[in-house]
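In what follows, a single structure is set out as structure tokens and then discussed.
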Amino acid sequence: MTRTRHEQGLLADRIRLDEQAVAEAAEILDLHLAGTEAVSLGRTGIYRTLVSTTQMPAPSPPIKALPDGASVAAAHVTRDQDSLTPSAEMHTLVRRLWELGAPVAAPLHDRIVSTRHGDVGFWAWMEHTPLTAAQWGALTGALHRAGRHLHHPRTYEPSRVFQSRLRRARELTSTPGHPLYGAGKLVRSFEAALDTAVDEARRAATIGPFTLVHGDNQPANIMRGHQGLALIDFERTITAPPALDLAGLLLGIQHYAYPPHAAQEFLTGYGPDAPTLDQARPYARIRELSGAVVAMIQSGDNPQMEQQMHIRAVAITNPGQGAPWTYLSPTPTSHLTSEPSRNTEDDCTHVRAAPAPSAPP
Numbered sequence: 001m002t003r004t005r006h007e008q009g010l011l012a013d014r015i016r017l018d019e020q021a022v023a024e025a026a027e028i029l030d031l032h033l034a035g036t037e038a039v040s041l042g043r044t045g046i047y048r049t050l051v052s053t054t055q056m057p058a059p060s061p062p063i064k065a066l067p068d069g070a071s072v073a074a075a076h077v078t079r080d081q082d083s084l085t086p087s088a089e090m091h092t093l094v095r096r097l098w099e100l101g102a103p104v105a106a107p108l109h110d111r112i113v114s115t116r117h118g119d120v121g122f123w124a125w126m127e128h129t130p131l132t133a134a135q136w137g138a139l140t141g142a143l144h145r146a147g148r149h150l151h152h153p154r155t156y157e158p159s160r161v162f163q164s165r166l167r168r169a170r171e172l173t174s175t176p177g178h179p180l181y182g183a184g185k186l187v188r189s190f191e192a193a194l195d196t197a198v199d200e201a202r203r204a205a206t207i208g209p210f211t212l213v214h215g216d217n218q219p220a221n222i223m224r225g226h227q228g229l230a231l232i233d234f235e236r237t238i239t240a241p242p243a244l245d246l247a248g249l250l251l252g253i254q255h256y257a258y259p260p261h262a263a264q265e266f267l268t269g270y271g272p273d274a275p276t277l278d279q280a281r282p283y284a285r286i287r288e289l290s291g292a293v294v295a296m297i298q299s300g301d302n303p304q305m306e307q308q309m310h311i312r313a314v315a316i317t318n319p320g321q322g323a324p325w326t327y328l329s330p331t332p333t334s335h336l337t338s339e340p341s342r343n344t345e346d347d348c349t350h351v352r353a354a355p356a357p358s359a360p361p
């Protein structure tokens, strides 16, 4: 997608401020920063950085070779505190999970650094990777077993994420030129479906057992580091029934062409205490409606988005039905594959062997 000159200027300003935040945080943590490259600029800016605890000459960008004593780290810069779990709280939770042996990306320091331009955390560098459904299931099961030993006060509230989106969709029905203009009936049918889905999901979320769940469990949030596969991006982590983290699997089978056998492979990888797909259906329905309203809002951006609005709208009144969906953002490079990677056995062994405490802390 071609950006306007104004959009390019805004992007350049953001990168400049983010890089200032990374440099300020590195100085506070006594890290010598020798290079910074923007990788992802979503709500959280992610930067590939070259850092060292000893002074070293700065290489010419982009980062290619590592000088002695240097390492590559991921610097996350967060300004938007509208996530379910604020960055400092998320950092503490993930570090505790990592200490318990859960398969999560390791934070490199024990705290988030607050700077003038955002909160900054340094994490182990990870790469996107293909993975099997069995690997995905094993990672999810290991996370849930470790999460039982942690207390997290935030619980599932399915309507929270929709409030601003609903307001925006209503506004667009009165915006001339937007595909939603005059489509009040469509938005009202969405609201009716959402009311029913929220009630069902709330009831499901009262039935235990409960654990710490990822909240946005999908292949795009699994990456590979030097210790194997790990889950990333815990902005939506909450205490909830484990089945909530199977919503992405069910949605993938319904709308993103995941093979049907992926479900059984996932559950086998998870282990004997796996939740069922039926238990996950109320949460998958919430995710399905979320995907529909996002397509509605973004339908004015380009023809593909408008097409997706019409395709996804079928699911408002017919759950799980309609033509296959395509990703609204570029397809992530971490994705499901039916072919095990070279390190599949090692990855799954690492996940299942992760230590767990004998008693809650």
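Sequential numbering from 1 applies to the sequence shown in the UniProt record's numbering.
For glycine and all other residues, C-beta sits at the position ideal for the given N, C-alpha and C.
Problem - Simplified DSSP assignment, three categories, for Gly177 - result: DSSP places Gly177 in the coil class of the three-state scheme, outside both helix and strand.
Handout entry: Nearest-angstrom Cα separation, counted from Leu186 out to Glu37
Key = The straight-line gap separating the alpha-carbon atoms of Glu37 and Leu186 is approximately 43 Å.
Handout entry: Helix, strand or coil at Met126 according to DSSP, with G and I counted as helix
Key = Coil.
Exercise for the section: Taking only the alpha-carbon atoms, compute the straight-line gap between His310 and Tyr256 and give it to the nearest angstrom. Expected result: Taking the straight line from one Cα to the other gives about 16 Å.
Problem - Span of the beta strand (DSSP E), counted from its first residue to its last, around Leu108 - result: Neither: Leu108 is in no beta strand (DSSP E) and is coded neither H nor E.
Problem - Three or more C-beta pairs below 8 Å linking the stretch 30–45 and the stretch 135–144 - result: Put simply, the stretch 30–45 does not touch the stretch 135–144. Fewer than three CB pairs are less than 8 Å apart.
Problem - Nearest to Val120 (by Cα), restricted to the options Gly225, Glu191, Leu31 - result: For the residues Gly225, Glu191, Leu31, the minimum Cα distance to Val120 belongs to Leu31.
Problem - Contact set for Ser169: own chain, Cβ-Cβ below 8 Å, skip 5 residues either direction - result: Inspection of the sequence shows that residue 169 is occupied by Ala rather than by Ser. So the qualifying residues of the chain are Leu180, Val187, Phe190, Val293, Met296, Ile297.
Practice task
Would you mind stating whether Leu97 and Leu143 have Cβ atoms separated by less than 9 Å?
Solution key: Contact flag set, yes.
Problem - Which listed residue (Ile28, Ile46, Leu29, Thr4) has its alpha carbon closest to that of Arg16 - result: When each option's Cα is compared against that of Arg16, the closest is Ile46.
Handout entry: Coil, strand or helix - Tyr47 by DSSP
Key = Under the three-state reduction of DSSP, Tyr47 is assigned to strand.
Practice task
Specify, as a first and last residue, the run of the alpha helix (DSSP H) that Ser189 falls within.
Solution key: From DSSP, the alpha helix (DSSP H) with Ser189 extends over 184–204.
Exercise for the section: Return yes when the Cβ of Glu200 is within less than 9 Å of the Cβ of Leu251, no when it is not. Expected result: For Leu251 and Glu200, no; Cβs fall outside 9 Å.
Problem - Touching by the beta-carbon criterion (3+ pairs, under 8 Å), the stretch 121–131 and the stretch 212–230 - result: Contact between the stretch 121–131 and the stretch 212–230 is established, with three or more Cβ pairs separated by less than 8 Å.
Practice task
Decide if Asp68 is buried, meaning its Cβ has at least 16 other Cβ atoms within 10 Å, or exposed.
Solution key: Any reading at Asp68 is ruled out, since the residue's pLDDT is 48, under 50, leaving its predicted position unreliable.
Handout entry: Where the beta strand (DSSP E) containing Thr239 begins and where it ends
Key = Looking at the DSSP string, the run of the beta strand (DSSP E) that includes Thr239 is 238–240.
Problem - Cβ neighbour criterion (16 or more within 10 Å) applied to Gly9 - result: With fewer than 16 other Cβ atoms from the protein chains shown falling within 10 Å of its own Cβ, Gly9 counts as exposed.
Practice task
Buried or exposed for Glu7, please, with buried defined as at least 16 other CB atoms from any protein chain shown within 10 angstroms of its CB.
Solution key: Label assigned to Glu7: exposed.
Practice task
From the DSSP output, in three-state form, read off Asp164 for me.
Solution key: One point to set straight first is that residue 164 is Ser, not Asp, in the sequence displayed. Helix at Ser164.
Problem - Pick from Ala220, Ala102, Ala23 that is closest to Ala76, judged by C-alpha positions - result: Per the sequence shown, residue 76 should be read as His rather than Ala. Nearest of Ala220, Ala102, Ala23 to His76, Cα basis: Ala23.
Practice task
My understanding is that Leu246 touches Pro209, with C-beta atoms under 8 Å, so please give their C-beta distance in whole angstroms.
Solution key: In this structure Leu246 is not in contact with Pro209, their Cβ atoms being roughly 14 Å apart against a cut-off of 8 Å.
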